[in-house]
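Participant: The sequence shown begins at 172 in the numbering used here and counts up by one. By construction, the Cβ of each residue, glycine as well, lies at the ideal position given by its N, Cα and C atoms. Pasting a structure here, questions to come.
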Amino acid sequence: MAEGTASDSTWETKLNDWEFNVLDYKVLMEGNPLAQVGYAILKKHDLISRLKLPEVQLCNFLRSVESQYDKKNPYHCSAHACDALVNAHFFLTAGFERCFSAVDILAVCIAAIGHDVGHFSLNNAFLCNSNHDIVREFGLRSSLENFHLSKLLEILAEEDNNFLRPLSKQERTEFDELVEALVLGTDMGRHKDHFTDFQDWCADGRAQCTSGTPEEEGVQSTSGEGSTPLENGKTNGEVEEKRYAPWVNARMKNLHFKDRKLLLIMIIKCADLSNVVKPLPVANTWAERIMEEFYAQGELEIKEGLPLTQLSSRENKEWRLATHQLSFLSNVVHPLFAAFMQLADHHSRETVLGHAQYNTDEWTRLSVELDPNSGL
172 MAEGTASDST WETKLNDWEF NVLDYKVLME GNPLAQVGYA ILKKHDLISR
222 LKLPEVQLCN FLRSVESQYD KKNPYHCSAH ACDALVNAHF FLTAGFERCF
272 SAVDILAVCI AAIGHDVGHF SLNNAFLCNS NHDIVREFGL RSSLENFHLS
322 KLLEILAEED NNFLRPLSKQ ERTEFDELVE ALVLGTDMGR HKDHFTDFQD
372 WCADGRAQCT SGTPEEEGVQ STSGEGSTPL ENGKTNGEVE EKRYAPWVNA
422 RMKNLHFKDR KLLLIMIIKC ADLSNVVKPL PVANTWAERI MEEFYAQGEL
472 EIKEGLPLTQ LSSRENKEWR LATHQLSFLS NVVHPLFAAF MQLADHHSRE
522 TVLGHAQYNT DEWTRLSVEL DPNSGL
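This is the structure:
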């Protein structure tokens with residue numbers, strides 16, 4: 172689907188779908204997609220009511236954050252933050268929401284909304300190699316993410332944006348700790364540590380589980396015969412029971428704060444990278460956008476005499492896109508999602524991992540067919 176061609180009246184009804192792509196909706200892209208979708212998702216989780224959040228200040232905050240995203244960025248614009256938020260919402264509804272408090276859910280939503288605020292299309296490698304002001308202020312580790320966090324907290328601290336006043340002291344302490352951990356958790360320089368912690372957490376859960384076998388997984392309706400499955404395993408207005416591996420059910424009960432924080436970090440990590448495992452046309456659209464930022468950084472690195480960390484040649488762009496995406500998907504994203512989606516309901520897991528495999532196959536095919544060196 173071409174950007175901006177979806178039926179504008181349907182976007183809010185599609186937020187639960189893995190196929191949702193904010194770029195398809197002209198009414199969003201020509202307005203304030205992050206503010207509109209952000210408000211809708213907070214309403215979907217009933218956070219405004221549950222936490223008694225003042226709507227005027229909340230809307231001020233959403234508009235303020237969106238204004239700090241540069242619309243000229245091909246990838247790191249408010250549409251990407253909106254996409255990350257929608258993806259986090261999908262994971263919450265895929266079986267994770269049952270584990271979290273309202274404050275937990277608010278924290279992951281706000282972190283998704285602000286995780287790239289102020290971005291200017293250059294990465295940590297460029298900042299470090301150029302001894303950028305941001306590195307001098309925030310240090311070498313997670314320089315950019317600390318910058319985003321600082322911007323987000325500044326916006327939250329403005330009186331007109333302070334929708335967090337109703338939170339208790341303990342709730343605000345937990346919220347602040349979570350938002351910091353989640354925004355910093357989007358730094359790929361921390362990926363190995365977080366992924367290893369998560370794998371260990373899952374291994375502990377399997378070891379502790381003594382009931383049943385994890386083989387039988389799926390979705391089973393309790394509404395009786397004749398119910399019609401809808402997208403994301405929902406049934407036609409009927410009550411349903413989602414079934415998970417026994418070790419998952421056991422592991423997800425009565426989680427301590429540190430466990431919830433780890434799962435929330437995994438949610439925002441996967442939400443941030445989800446465009447790689449969306450339906451292929453969506454994945455390619457986002458890939459074209461990030462590749463434009465990579466090319467621009469590579470050209471700037473050459474111009475500034477800095478070490479070359481990104482692509483600089485735009486020749487054979489389709490082949491470069493396929494090979495780059497295939498490498499990232501195979502080495503980072505697919506292993507991450509294969510582990511993470513073990514905790515999701517059967518339908519959501521099959522949907523996401525099905526697209527991951529299809530994209531792997533297609534980018535593998537294209538990397539061979541379009542290889543400019545194949546005839547040499």
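Compute the distance between the beta-carbons of Val236 and Leu186, then report whether it is under 7 Å.
Facilitator: Numbered from its first residue, the sequence shown carries residue 236 at position 65. Numbered from its first residue, the sequence shown carries residue 186 at position 15. No, the pair does not count as a contact, with Cβ atoms beyond the cut-off.
Participant: For Phe291, does the three-state DSSP call read helix, strand or coil?
Facilitator: In the sequence shown, the residue the question calls residue 291 occupies position 120. If DSSP states are grouped into helix, strand and coil, Phe291 belongs with coil.
Participant: Does Phe318 pass the burial test, meaning 16 or more other C-beta atoms within 10 Å, or should it be called exposed?
Facilitator: What you label residue 318 is simply residue 147 of the sequence shown in a count that begins at 1. Buried, because 16 or more other Cβ atoms sit within 10 Å of the Cβ of Phe318.
Participant: Tell me which residue opens and which closes the alpha helix (DSSP H) that Ser339 is part of.
Facilitator: Translated into positions along the sequence shown, residue 339 becomes position 168. That residue, Ser339, is in no alpha helix (DSSP H); it is neither H nor E in DSSP.
Participant: Report buried or exposed for Gly476, applying the criterion of at least 16 other Cβ atoms within 10 angstroms of its Cβ.
Facilitator: The residue labelled residue 476 in the question sits at position 305 within the sequence shown. When all chains shown are included, Gly476 counts as exposed.
Participant: Do Ile473 and Val279 have their C-beta atoms closer together than 7 Å?
Facilitator: Reading the sequence shown from its first residue, position 302 is the one you call residue 473. Reading the sequence shown from its first residue, position 108 is the one you call residue 279. It is not a contact, given that the beta carbons lie outside the stated cut-off.
Participant: Could you give the DSSP three-state label for Glu464: helix, strand or coil?
Facilitator: Taking the sequence shown and counting its residues from 1, the one referred to as residue 464 is at position 293. Judged by DSSP in its simplified three-state form, Glu464 adopts helix.
Participant: For the alpha helix (DSSP H) containing Asp532, name the first residue and the last one.
Facilitator: Counting from one through the sequence shown, the residue named residue 532 turns up at place 361. In the DSSP assignment, Asp532 falls within the alpha helix (DSSP H) that extends over His517 to Glu540.
Participant: To which residues of the same chain is Leu218 closer than 8 Å at the C-beta, ignoring the five residues directly before and after it?
Facilitator: Here residue 218 corresponds to residue number 47 of the sequence shown, with the count starting at 1. Here the set comprises Leu224, Ala273, Ile276, Leu277 and Cys280.
Participant: Please determine, among Ala454, Ala467 and Lys488, the residue with the shortest C-alpha to C-alpha distance to Ala527.
Facilitator: If you number the sequence shown from 1, residue 527 lands on position 356. Among Ala454, Ala467 and Lys488, the Cα nearest to that of Ala527 belongs to Ala454.
Participant: Could you tell me the alpha carbon to alpha carbon distance between Asp188 and Asn302, rounded to whole angstroms?
Facilitator: For the purposes of this step, residue 188 is taken as the residue at position 17 of the sequence shown. For the purposes of this step, residue 302 is taken as the residue at position 131 of the sequence shown. Using only the alpha carbons, I get a separation of about 42 Å.
Participant: How big is the Cα-Cα spacing for Leu199 and Asp254?
Facilitator: In the sequence shown, residue 199 corresponds to position 28, counting from 1. In the sequence shown, residue 254 corresponds to position 83, counting from 1. Approximately 12 Å between the Cα atoms of the pair.
Participant: Hey, could you find the ends of the alpha helix (DSSP H) Ser193 is sitting in?
Facilitator: To locate residue 193, count along the sequence shown from 1; it is residue 22. As written in the sequence, residue 193 is Val, which differs from the Ser given in the question. Element bounds for Val193: n/a, residue is neither H nor E.
Participant: Shorter than 7 Å from the beta carbon of Leu320 to some beta carbon of chain D?
Facilitator: Protein chain content of the structure displayed is limited to a single chain, and chain D is not contained in it.
Participant: Using the Cα positions of Glu342 and Lys432, report the straight-line distance between them to the nearest angstrom.
Facilitator: Here residue 342 refers to the residue found at position 171 when the sequence shown is read from its first residue. Here residue 432 refers to the residue found at position 261 when the sequence shown is read from its first residue. Rounded to the nearest angstrom, the two C-alpha atoms are 14 Å apart.
Participant: On a CA-only basis, which of His517, Gln228, Val539 and Arg361 is nearest Ala416? Give me that one, please.
Facilitator: Within the sequence shown, numbered from 1, the residue matching residue 416 stands at position 245. Among His517, Gln228, Val539 and Arg361, the Cα nearest to that of Ala416 belongs to His517.
Participant: By the three-class DSSP mapping on this structure, what secondary structure does Gly376 have?
Facilitator: Here residue 376 is taken as the residue at index 205 of the sequence shown, counted from 1. Of the three classes helix, strand and coil, the one that applies to Gly376 here is helix, per DSSP.
Participant: Can you tell which of Trp182, Ala378, Asn192 and Glu183 has its C-alpha closest to the C-alpha of Lys449?
Facilitator: Position 278 of the sequence shown, counted from the start, is the residue given in the question as residue 449. When each option's Cα is compared against that of Lys449, the closest is Asn192.
Participant: Can you grab the Cα-Cα spacing for the pair Asn403 / Lys214, in whole Å?
Facilitator: The count along the sequence shown starts at 1 and reaches residue 403 at position 232. The count along the sequence shown starts at 1 and reaches residue 214 at position 43. Its pLDDT being 44, under 50, Asn403 is placed unreliably by the model, and the measurement read from it follows with that caveat. Distance between the alpha carbons of Asn403 and Lys214: 19 Å.
Participant: Is it right to say Ala206 is buried, meaning 16 or more other beta carbons lie within 10 angstroms of its own, or is it exposed?
Facilitator: Stepping through the sequence shown from its first residue, residue 206 is reached at position 35. Buried.
Participant: Along the chain, where does the alpha helix (DSSP H) that runs through Gln228 open and close?
Facilitator: For the purposes of this step, residue 228 is taken as the residue at position 57 of the sequence shown. First-last of the alpha helix (DSSP H) with Gln228: Glu226 to Ser238.
Participant: Give me the residue from Cys380, Ile284, Glu190 and Thr522 with the minimum Cα distance to Leu324.
Facilitator: Position 153 of the sequence shown, counting from 1, holds the residue named residue 324. The shortest C-alpha separation from Leu324 is found at Ile284.
Participant: Taking all protein chains shown into account, do 16 or more other C-beta atoms lie within 10 angstroms of the C-beta of His427, making it buried, or fewer, making it exposed?
Facilitator: Residue mapping note: residue 427 aligns to position 256 of the sequence shown, counting from 1. That one is exposed.
Participant: Please report the Cβ distance between Glu190 and Ala211, rounded to the nearest whole angstrom; I am assuming they are in contact, meaning their Cβ atoms lie under 8 Å.
Facilitator: Within the sequence shown, numbered from 1, the residue matching residue 190 stands at position 19. Within the sequence shown, numbered from 1, the residue matching residue 211 stands at position 40. Not quite, the Cβ-Cβ distance comes to about 17 Å (not below 8 Å), so this is no contact.
Participant: Locate the alpha helix (DSSP H) running through Phe267, then write down its first and last residues.
Facilitator: Translated into positions along the sequence shown, residue 267 becomes position 96. From DSSP, Phe267 is part of no alpha helix (DSSP H); its letter is neither H nor E.
Participant: Figure out for me which residue from Ser238, Leu479, Ala467 and Phe499 has the closest Cα to the Cα of Arg485.
Facilitator: Your numbering for residue 485 matches position 314 in the sequence shown. If we check each option's Cα against that of Arg485, Ala467 comes out closest.
Participant: If you pair each beta-carbon of the region 282-297 with each one of the region 349-359, do three or more pairs fall below 8 Å?
Facilitator: yes
Participant: By Cβ distance, which residues of its chain are closer than 7 Å to Gly469, with the 5 residues on each side in sequence left out?
Facilitator: Locating residue 469 in the sequence shown gives position 298, counting from the first residue. If we look at Gly469 and ignore the five residues flanking it on each side, its Cβ neighbours are Leu479, Gln481, Leu482 and Ser483.
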